[in-house]
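Those sequence lines, one after another, are chains E and C.
Under the working numbering, the first residue of the first sequence is numbered 1, with each subsequent residue one higher.
Under the working numbering, the first residue of the second sequence is numbered 561, with each subsequent residue one higher.
Glycine included, C-beta positions come from ideal geometry on N, C-alpha and C.
Contents: one structure, followed by commentary.
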Amino acid sequence: MYFSEKTQKESLKLKSIWQDKVENTLKTNPDQKERFSTVSDLEIKRLYTPEDIKDTNFEQHIGVPGDFPYLRGNQVTGYRGGYWTFRMFAGMGSAKDTNERWRMLLREGQTGLSTAFDFPTLMGYDSDSPKCLGEVGKCGVAIDTLEDFLALMKDIPMDQVTTSMTINPPATVLWAMYCAAAEINGVPLTKIGGTIQNDMLKEFIAQKTFMCPPGPSVKLISDTVEFGTKYVPRWNTISISGYHIREAGATAVQELAFTLRDGIEYVEDVVRRKGLSVDEFAPRLSFFFNSHIDFFEEVCKFRAARRMWAKIMRDRFGAKNPRSLWMRFHTQTAGCSLTAQQPYNNVVRTTMEALAAVLGGTQSLHTNSLDEVLCLPSEHAVEIALRTQQILAEETGVVNTTDPLAGSYFVEALTNEIEEKAWEYIEKIDGMGGMIAAIEKGFPQMEIADSAYKFQRQLESKEKIMVGMNKYVTDAKHSIPLIEIDEKIGEEQIKRLKDVRRKRDNRATKKSLDDIKNACRKGTNVMPYCIEAVKNMATQQEICDIYREVYGEYRDPGLY
Amino acid sequence: MPDRKIRVMVAKPGLDGHDRGARILARCFRDAGFEVIYTGCHQTPEQIAAAAIQEDVDLVGLSCLSGAHRLLFPRVVELLRKKDASDITVIGGGIIPEADFTMLYEAGIKAIFTPGATLDSIVEWIRNNIKTHD
Numbered sequence: 001m002y003f004s005e006k007t008q009k010e011s012l013k014l015k016s017i018w019q020d021k022v023e024n025t026l027k028t029n030p031d032q033k034e035r036f037s038t039v040s041d042l043e044i045k046r047l048y049t050p051e052d053i054k055d056t057n058f059e060q061h062i063g064v065p066g067d068f069p070y071l072r073g074n075q076v077t078g079y080r081g082g083y084w085t086f087r088m089f090a091g092m093g094s095a096k097d098t099n100e101r102w103r104m105l106l107r108e109g110q111t112g113l114s115t116a117f118d119f120p121t122l123m124g125y126d127s128d129s130p131k132c133l134g135e136v137g138k139c140g141v142a143i144d145t146l147e148d149f150l151a152l153m154k155d156i157p158m159d160q161v162t163t164s165m166t167i168n169p170p171a172t173v174l175w176a177m178y179c180a181a182a183e184i185n186g187v188p189l190t191k192i193g194g195t196i197q198n199d200m201l202k203e204f205i206a207q208k209t210f211m212c213p214p215g216p217s218v219k220l221i222s223d224t225v226e227f228g229t230k231y232v233p234r235w236n237t238i239s240i241s242g243y244h245i246r247e248a249g250a251t252a253v254q255e256l257a258f259t260l261r262d263g264i265e266y267v268e269d270v271v272r273r274k275g276l277s278v279d280e281f282a283p284r285l286s287f288f289f290n291s292h293i294d295f296f297e298e299v300c301k302f303r304a305a306r307r308m309w310a311k312i313m314r315d316r317f318g319a320k321n322p323r324s325l326w327m328r329f330h331t332q333t334a335g336c337s338l339t340a341q342q343p344y345n346n347v348v349r350t351t352m353e354a355l356a357a358v359l360g361g362t363q364s365l366h367t368n369s370l371d372e373v374l375c376l377p378s379e380h381a382v383e384i385a386l387r388t389q390q391i392l393a394e395e396t397g398v399v400n401t402t403d404p405l406a407g408s409y410f411v412e413a414l415t416n417e418i419e420e421k422a423w424e425y426i427e428k429i430d431g432m433g434g435m436i437a438a439i440e441k442g443f444p445q446m447e448i449a450d451s452a453y454k455f456q457r458q459l460e461s462k463e464k465i466m467v468g469m470n471k472y473v474t475d476a477k478h479s480i481p482l483i484e485i486d487e488k489i490g491e492e493q494i495k496r497l498k499d500v501r502r503k504r505d506n507r508a509t510k511k512s513l514d515d516i517k518n519a520c521r522k523g524t525n526v527m528p529y530c531i532e533a534v535k536n537m538a539t540q541q542e543i544c545d546i547y548r549e550v551y552g553e554y555r556d557p558g559l560y
Numbered sequence: 561m562p563d564r565k566i567r568v569m570v571a572k573p574g575l576d577g578h579d580r581g582a583r584i585l586a587r588c589f590r591d592a593g594f595e596v597i598y599t600g601c602h603q604t605p606e607q608i609a610a611a612a613i614q615e616d617v618d619l620v621g622l623s624c625l626s627g628a629h630r631l632l633f634p635r636v637v638e639l640l641r642k643k644d645a646s647d648i649t650v651i652g653g654g655i656i657p658e659a660d661f662t663m664l665y666e667a668g669i670k671a672i673f674t675p676g677a678t679l680d681s682i683v684e685w686i687r688n689n690i691k692t693h694d
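Given below as structure tokens:
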């Protein structure tokens with residue numbers, strides 16, 4: 001037991017006295033509302049006492065940083081040895097435009113790069129595909145060939161800076177471009193570091209950037225895990241993501257549970273398909289969470305996530321290497337918590353969310369810019385967002401000690417509660433036969449749709465408040481400068497693409513595309529062939545079309 | 561004979577996968593008593609126009625958060641016109657800068673709903689502006 005019997009008794013006695021006082025107070029001064037709950041609608045008690053964590057054992061459930069169950073962080077010394085990585089998601093227009101934004105961010109003290117691709121790239125289409133009307137360069141950078149990729153990486157020290165790439169169905173292709181670019185720039189694969197998001201299950205569940213059905217999508221992911229394990233040891237070949245699940249409307253518990261269950265599915269596939277032992281590849285699995293506006297719920301979610309993953313790796317998969325038990329995660333503050341109305345308020349929201357991520361022990365952080373609810377971030381807005389992280393790190397003192405909220409009756413009780421509720425979901429999905437089976441049933445999709453709809457109704461009834469949106473509303477226009485992506489960017493991109501197609505050795509390109517097709521048919525690892533193909537200037541759609549042809553296309557079932 | 565129910569198609573044109581709003585609206589329209597068809601993500605304007613005609617809907621609600629609305633929304637209206645289906649009303653929503661409103665209205669989009677629009681206000685607009693066509 002965590003508290004002595006004496007403490008427990010005293011606490012019960014005091015609580016009962018307090019309870020009487022509460023009853024009396026409520027007669028004359030009733031609460032503002034009947035029920036107090038988190039943004040995810042978890043009910044919160046009026047008061048937490050030792051009773052709420054009486055079954056929590058310090059050694060078994062809490063412990064110290066850098067040791068099982070890793071509730072308090074992976075690093076023995078917390079942030080004293082180094083802050084989290086300041087990693088701002090950036091990409092717009094052409095590769096050259098994005099490279100300029102990246103270099104500006106590095107100059108301003110950013111410590112890692114993170115790539116936003118445009119929708120055509122995300123979906124595996126070339127810029128001149130008829131499917132890409134109006135989309136080229138809009139929500140991110142347009143990349144069709146290795147030539148674009150080399151422009152993106154121009155003057156970026158690939159052996160020093162780590163790069164995260166938010167890319168999913170075409171992850172093999174874009175990673176192949178990164179590998180090829182490193183080689184051309186004289187940096188060996190063993191020296192490059194970074195992350196590809198490469199998490200397809202959450203695409204079917206939430207983000208909807210999909211190409212092939214779930215089964216072959218997971219096969220391609222296992223190819224990257226195997227290739228990374230053997231040849232690119234500093235690369236995180238997957239970033240198992242809850243961020244998009246949350247943005248689609250999930251609760252904190254759903255975000256946590258579905259993300260971890262996705263992780264289980266990937267580990268099982270790599271072990272089964274590739275015959276690797278968990279300790280060979282698990283240290284390179286990484287995660288990505290949302291930091292929403294409900295401060296304590298988020299801190300507790302992050303803590304619970306680390307403890308749950310450590311248990312999953314140790315108990316479910318028998319991992320022995322301590323690094324396999326580490327849940328390392330990137331965090332992004334919640335885009336869906338921002339408001340288009342009174343946009344400057346978003347700076348405050350993002351600050352609170354970033355603080356929750358830091359107190360939750362994140363390894364890497366993107367802070368949203370105040371204008372991200374309206375458009376791609378302007379340079380000025382990005383700078384404020386980056387400075388928000390730097391102020392947290394350098395000025396506020398929250399980095400001085402590790403996991404400072406540990407031991408709070410409330411924080412530990414809520415951490416336990418979130419964990420218990422997430423286990424229930426994981427068991428339920430196990431019972432369905434795993435996450436792919438659950439997705440095919442529409443289970444996580446509909447659970448999220450229910451939560452999203454409920455929250456929207458709570459906003460409309462003002463049971464939940466977003467300042468400036470459904471309370472404290474003003475008519476005043478707070479116009480902020482918005483950046484606009486010129487439609488010309490698409491035309492220029494298409495011209496570059498056509499030039500590459502005209503100049504390349506088409507025979508070599510075709511041969512390397514045939515090799516990929518053969519690898520797909522035989523079920524062998526596609527990565528070496530993808531690297532060869534991109535060097536021969538195969539476009540990303542040409543490679544993705546092979547996947548579509550061999551594996552088939554997945555269509556949105558349109559569940560609501 | 562009772563009035564035919566209003567038939568609404570919620571559609572996601574382009575490559576954008578941000579479907580939270582579209583799916584919430586589809587459910588809200590169903591709860592409001594409309595007949596609802598939801599296309600799912602990644603539809604081309606051609607697919608949307610063809611489906612709207614085939615399903616004989618009264619209204620198409622387009623949702624786009626990627627910035628491609630300037631080309632995609634007018635294209636849907638244009639395709640419906642070409643197929644003699646301009647009796648189908650087209651409305652839109654998503655991340656639409658105010659600077660684009662005039663252009664979209666001129667292209668034939670009848671209403672635009674942006675962040676902060678309530679579900680009830682959208683349902684009310686439809687009830688006030690849509691007559692079912694038999």
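Residue i burial status per 10 Å Cβ neighbour count (16 or more: buried)
| i | result |
| --- | --- |
| L26/E | exposed |
| F36/E | exposed |
| E5/E | exposed |
| H478/E | exposed |
| M211/E | buried |
| M561/E | Residue 561/E cannot be examined here, being either before or after the span of chain E that is shown, 1 to 560. |
| T539/E | buried |
| K208/E | buried |
| G574/E | Look at the range of chain E in this structure, 1 to 560, and you will see that residue 574/E is not part of it. |
| P461/E | Strictly speaking, residue 461/E in this sequence is Ser, with Pro absent from that position. The residue is exposed, with fewer than 16 neighbouring Cβ atoms inside 10 Å. |
| F58/E | exposed |
| F661/C | exposed |
| G552/E | exposed |
| R587/C | buried |
| S114/E | buried |
| W309/E | buried |
| P69/E | buried |
Closer than 8 Å to chain E by CB, residue i
| i | result |
| --- | --- |
| A610/C | no |
| D647/C | no |
| T604/C | yes |
Minimum Cβ-Cβ distance from residue i to chain C less than 8 Å
| i | result |
| --- | --- |
| F119/E | yes |
| A248/E | yes |
| E532/E | no |
| Q207/E | yes |
| A90/E | no |
| Q160/E | no |
| A340/E | yes |
| V373/E | yes |
is_contact[residue i, chain A] using C-beta, thresh 8 Å
| i | result |
| --- | --- |
| L575/C | In the displayed structure, chain A is absent; the protein chains listed are E and C. |
Between the region 88 to 102 of chain E and the region 313 to 330 of chain E, do at least 3 Cβ pairs fall closer than 8 Å? Under the three-pair Cβ rule at 8 Å, the region 88 to 102 of chain E does not count as touching the region 313 to 330 of chain E.
As an exercise, report each continuous alpha helix (DSSP H) stretch of at least 4 residues that is fully enclosed by the region 45 to 81 of chain E, in chain order. none
Taking 8 Å as the threshold, find out whether the region 214 to 226 of chain E comes into contact with the region 263 to 272 of chain E through three or more Cβ pairs. yes
Does the contact criterion of 3 or more C-beta pairs under 8 Å hold for the region 278 to 289 of chain E versus the region 389 to 399 of chain E? no
Tell me, please, whether the region 61 to 79 of chain E touches the region 150 to 162 of chain E by the rule of three or more beta-carbon pairs shorter than 8 Å. no
Runs of 3 residues minimum, wholly inside the region 311 to 339 of chain E: which ones carry the beta strand (DSSP E) assignment? 328 to 333
Check each residue of the region 627 to 657 of chain C: if its Cβ is closer than 8 Å to any Cβ of chain E, include it; give the result in chain order. G627, A628, H629, R630, L631, L632, R635, I655 and P657
Enumerate, from N- to C-terminal direction, the unbroken alpha helix (DSSP H) stretches of 4 or more residues contained entirely within the region 340 to 404 of chain E. 345 to 359 and 379 to 394
Residues, ordered as in the chain, of the region 544 to 560 of chain E that lie near chain C by beta-carbon distance below 8 Å: Within the region 544 to 560 of chain E, the residues whose Cβ lies closer than 8 Å to some Cβ of chain C are R555, D556, P557, G558, L559 and Y560, listed in chain order.
Ranges of the alpha helix (DSSP H) found wholly within the region 136 to 208 of chain E, counting only runs of at least 4: 146 to 152 and 171 to 184
Below 8 Å, how does it come out for the region 174 to 190 of chain E and the region 524 to 532 of chain E: are there three or more Cβ pairs, yes or no? By the Cβ rule, the region 174 to 190 of chain E counts as touching the region 524 to 532 of chain E, because three or more pairs are nearer than 8 Å.
So, does the region 628 to 646 of chain C touch the region 129 to 143 of chain E, judging by three or more C-beta pairs under 8 Å? yes
Any C-beta of chain C within less than 8 Å: which residues of the region 132 to 147 of chain E qualify? Listed by position along the chain: C132, L133, G134, E135, K138 and C139.
Output the residue ranges of the beta strand (DSSP E) runs that lie fully inside the region 617 to 668 of chain C and measure 3 residues or longer, sorted by chain position. 619 to 624 and 649 to 654
Stretch pair the region 347 to 358 of chain E + the region 312 to 319 of chain E: three plus CB contacts closer than 8 Å: no
Along the chain, which unbroken stretches of the alpha helix (DSSP H) at least 4 residues long are found entirely within the region 407 to 438 of chain E? 409 to 432
Near-chain E residues of the region 668 to 681 of chain C (beta-carbon distance less than 8 Å), N- to C-terminal order: T674, P675, G676, T678, L679 and D680
Going along the region 574 to 602 of chain C in order, which residues come within less than 7 Å of chain E, judged by CB to CB distance? G574, L575, D576, G577, D579, R580, R583, I584, A586, R587, Y598, T599, G600, C601 and H602
Check whether the region 616 to 624 of chain C touches the region 645 to 654 of chain C, taking contact to mean three or more Cβ pairs, one atom from each stretch, closer than 8 Å. yes
For the region 465 to 536 of chain E, which segments carrying the alpha helix (DSSP H) assignment without a break, of at least 4 residues, lie completely within its bounds, in sequence order? 488 to 503, 506 to 522 and 527 to 535
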